[in-house]
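Worksheet: one structure, shown below.
In structure tokens, the structure reads:
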């Protein structure tokens with residue numbers, strides 16, 4: 012089956028600055044892919060090159076197997092939803108949605124039918140005669156989405172379309188956009204810097220860093236198996252335990268600082284670090300357990316667990332969870348999150364405890380910044 016979109020060696024430079032620096036990506040038909048990364052990482056520039064609004068410096072863009080190098084934006088069969096919606100203020104909602112069909116010289120009867128269907132799809136029946144100024148931000152976003160899908164494009168490109176909305180409305184529309192896209196069978200390339208939005212909506216996520224894709228995968232892959240310190244730090248909340256990667260006399264691998272942390276064989280093999288390299292163990296806050304000194308005695312000797320002395324520095328009640336900030340004996344800090352009511356003992360500021368985690372719950376990565 013021909014891929015919906017293929018990017019090969021895609022590059023965009025401005026003088027000597029590479030905004031996008033060799034992006035490779037293949038998107039399947041009907042897939043929802045999110046380009047996620049901090050500001051300036053190249054995700055929006057990549058989206059604009061796919062749309063044809065920005066000319067690429069090198070590489071290729073193929074849509075449904077066709078090279079787009081010489082194809083203007085209006086002939087790429089791409090729908091676009093902008094961050095500011097870009098609605099025509101002098102047109103009604105229905106006229107805005109109808110505009111792409113009129114540009115394609117669609118029959119008037121078909122335009123009326125498809126505009127009515129699209130207004131129903133985005134749940135704005137009865138509001139077609141209103142102007143953008145008479146609509147709320149969420150309603151304007153729906154009209155922009157309707158305009159982008161009314162002509163059934165091969166690709167739907169969305170550039171942070173929910174960024175201007177309040178949190179509650181944004182979360183509601185995330186689900187609506189996702190459900191409507193799947194209902195239409197649309198192939199979506201979605202840009203955001205909001206990691207939670209990406210995790211909720213996407214089939215796969217491409218993490219951008221300095222113009223490149225640092226990691227591509229499902230949300231759970233990125234969260235549980237980050238390939239770099241950047242990805243681990245960008246997706247979710249992470250504890251980063253820094254040290255040096257070493258083998259102990261018994262043949263097991265360790266990360267050593269003032270403390271010694273065991274590393275699982277699978278993690279060591281996957282990271283492929285040289286002995287003596289600077290490294291970091293990534294442990295998610297929910298993977299930690301806080302034990303009293305007596306409870307921790309078994310963890311200190313277990314081959315599949317780590318334990319380190321720590322002191323509770325902060326204890327915060329967050330409704331469904333408690334968040335603890337701990338100072339470890341080697342001077343590093345750790346964040347722990349525990350579900351309220353799951354049997355975990357509530358800890359107080361100043362408590363001396365043992366911080367423990369299962370060896371296989373940590374991820375080993377190189378520490379290039381050390």
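Residue numbers (the working numbering): 12 to 381. Yeah, the Cβ is synthetic: ideal placement off N, Cα and C, and Gly gets one too. Computed from a prediction, not measured in an experiment: that's the story for all the values here.
(message) Output needed for residue 271: all residues of its chain with C-beta closer than 8 Å, excluding positions within five of it in sequence on either side, in chain order.
(response) Within the chain shown, residue 271 is the residue found at index 260, counting from 1. Cβ neighbours of residue 271 beyond the five flanking positions: 259 and 265.
(message) Less than 6 Å between C-beta atoms, sequence neighbours within five positions excluded: which residues of the same chain meet that for residue 173?
(response) Against the chain shown, residue 173 aligns to sequence position 162. The answer, listed in chain order, is 181 and 184.
(message) If distances are taken between C-alpha atoms only, which option among 53, 345, 170 and 201 comes closest to residue 225?
(response) What you label residue 225 is simply residue 214 of the chain shown in a count that begins at 1. The residue with the shortest Cα to Cα distance from residue 225 is 53.
(request) Starting from the C-beta of residue 144, find all residues in its chain whose C-beta is less than 7 Å away, skip the five residues before and the five after it, and write them out in chain order. (result) Stepping through the chain shown from its first residue, residue 144 is reached at position 133. Answer for residue 144: 100, listed in chain order.
(request) Consult DSSP for residue 109 and reduce its assignment to one of helix, strand or coil. (result) Numbered from its first residue, the chain shown carries residue 109 at position 98. Residue 109: helix per DSSP, three-state reduction.
(request) Report yes or no: do the region 84 to 93 and the region 241 to 249 share at least 3 C-beta pairs separated by less than 8 Å? (result) no
(message) Can you tell me whether residue 114 is buried or exposed? The criterion is at least 16 other CB atoms within 10 Å of its CB, across all chains shown.
(response) Sequence index remark: in the chain shown, residue 114 carries index 103 (1-based). Label assigned to residue 114: exposed.
(message) Going by DSSP in three states, residue 35 sits in which element: helix, strand or coil?
(response) Looking up residue 35 in the chain shown gives position 24. Reduced to three states, the DSSP call for residue 35 is strand.
(message) Check this for me: beta carbons of residue 338 and residue 324, under 7 Å apart or not?
(response) The residue you call residue 338 lines up with position 327 of the chain shown. The residue you call residue 324 lines up with position 313 of the chain shown. Cβ atoms of residue 338 and residue 324: closer than 7 Å.
(message) I'd like to check one pair, residue 170 with residue 55: are the Cβ atoms closer than 7 Å?
(response) Locating residue 55 in the chain shown gives position 44, counting from the first residue. Locating residue 170 in the chain shown gives position 159, counting from the first residue. Contact flag set, yes.
(message) Just list the residues that DSSP pairs residue 78 with in beta bridges.
(response) Here residue 78 corresponds to residue number 67 of the chain shown, with the count starting at 1. Residue 78 is bridged to 73.
(message) Taking the alpha carbon of residue 163 as the reference point, which residue from 46, 48 and 109 has its own alpha carbon closest?
(response) To locate residue 163, count along the chain shown from 1; it is residue 152. Among 46, 48 and 109, the Cα nearest to that of residue 163 belongs to 109.
(request) Could you pull out every unbroken beta strand (DSSP E) segment of at least 3 residues lying fully inside the region 156 to 209, listed in chain order? (result) 166 to 170 and 198 to 203
(message) Taking the alpha carbon of residue 131 as the reference point, which residue from 105, 91, 112 and 119 has its own alpha carbon closest?
(response) Along the chain shown, one-based indexing puts residue 131 at 120. Selected option, being the one with the closest Cα: 105.
(message) Per DSSP, what are the beta-bridge partners of residue 93 in this structure?
(response) Counting from one through the chain shown, the residue named residue 93 turns up at place 82. According to DSSP, residue 93 bridges with nothing at all.
(request) Go through its chain and collect everything with a Cβ distance to residue 238's Cβ below 6 Å, but skip five positions before and after it. (result) For the purposes of this step, residue 238 is identified with residue 227 of the chain shown, where counting begins at 1. The residues are 226.
(request) Return no unless some Cβ of chain D is closer than 7 Å to the Cβ of residue 124. (result) Structure shown: chain D not included; a single protein chain is present.
(request) Give the secondary structure of residue 281 by DSSP, where H, G and I count as helix, E and B as strand, and everything else as coil. (result) Locating residue 281 in the chain shown gives position 270, where the first residue counts as 1. Helix, per DSSP.
(message) Assuming residue 344 is part of the alpha helix (DSSP H), what are its boundary residues?
(response) If you number the chain shown from 1, residue 344 lands on position 333. Run containing residue 344: none in the alpha helix (DSSP H); it sits in the beta strand (DSSP E), 344 to 350.
(request) Assign residue 149 to one of three DSSP states: helix, strand, or coil. (result) As a working note, residue 149 is residue 138 in the chain shown. If DSSP states are grouped into helix, strand and coil, residue 149 belongs with the helices.
(message) Just to confirm the assignment: which complete beta strand (DSSP E) runs, minimum length 3, are found wholly within the region 232 to 308?
(response) 250 to 258, 264 to 267, 271 to 274, 289 to 294 and 300 to 302
(request) Compute the Euclidean distance between the alpha carbons of residue 39 and residue 16, then round it to the nearest angstrom. (result) As a first step, residue 39 must be located in the chain shown, where it is residue number 28. As a first step, residue 16 must be located in the chain shown, where it is residue number 5. The straight-line gap from Cα to Cα measures roughly 7 Å.
(request) Can you tell me which of the three DSSP states residue 325 falls into? (result) In the chain shown, residue 325 corresponds to position 314, counting from 1. Residue 325: strand per DSSP, three-state reduction.
(request) Please determine if the region 35 to 49 and the region 205 to 218 are in contact, where contact requires at least 3 C-beta pairs separated by less than 8 Å. (result) yes
(request) Apply the 10 Å Cβ neighbour rule to residue 327 and answer buried if 16 or more other Cβ atoms are within range, or exposed otherwise. (result) Residue mapping note: residue 327 aligns to position 316 of the chain shown, counting from 1. So residue 327 ends up on the exposed side.
(request) Tell me whether residue 291 is buried or exposed, calling it buried when 16 or more other Cβ atoms sit within 10 Å of its Cβ. (result) The sequence position of residue 291 within the chain shown is 280, counting from 1. The residue is buried, with at least 16 neighbouring Cβ atoms inside 10 Å.
(request) Measure the beta-carbon distance from residue 364 to residue 302 and round it to whole angstroms, keeping in mind my assumption that it falls under 8 Å. (result) On the chain shown, position 353 is the one that residue 364 refers to. On the chain shown, position 291 is the one that residue 302 refers to. Contact holds; Cβ gap of about 6 Å.
(message) If distances are taken between C-alpha atoms only, which option among 347, 300 and 34 comes closest to residue 329?
(response) For the purposes of this step, residue 329 is taken as residue 318 along the chain shown, with counting starting at 1. Minimum Cα distance to residue 329 is reached at 347.
(request) Report back the beta-carbon spacing between residue 192 and residue 167 to the nearest angstrom; my notes put them in contact at under 8 Å. (result) Reading the chain shown from its first residue, position 181 is the one you call residue 192. Reading the chain shown from its first residue, position 156 is the one you call residue 167. Right, their Cβ atoms sit about 7 Å apart.
(request) Return the Cβ separation of residue 351 and residue 332 in integer angstroms, given the expectation that the two are a contact with Cβ distance under 8 Å. (result) By 1-based counting over the chain shown, the position of residue 351 is 340. By 1-based counting over the chain shown, the position of residue 332 is 321. Confirmed, Cβ separation roughly 6 Å.
(message) Counting C-beta neighbours from all protein chains within 10 Å, is the total for residue 177 16 or more, i.e. buried, or is it exposed?
(response) What you label residue 177 is simply residue 166 of the chain shown in a count that begins at 1. Exposed, by the Cβ-count rule.
(request) Alpha carbon to alpha carbon, how far is residue 194 from residue 129? Give it in angstroms, no decimals. (result) Counting from one through the chain shown, the residue named residue 129 turns up at place 118. Counting from one through the chain shown, the residue named residue 194 turns up at place 183. So the two alpha carbons sit approximately 12 Å from each other.
(message) Suppose you measure from the CA of residue 349 to the CA of residue 297; what does that come to, to the nearest Å?
(response) Translated into positions along the chain shown, residue 349 becomes position 338. Translated into positions along the chain shown, residue 297 becomes position 286. Taking the straight line from one Cα to the other gives about 6 Å.
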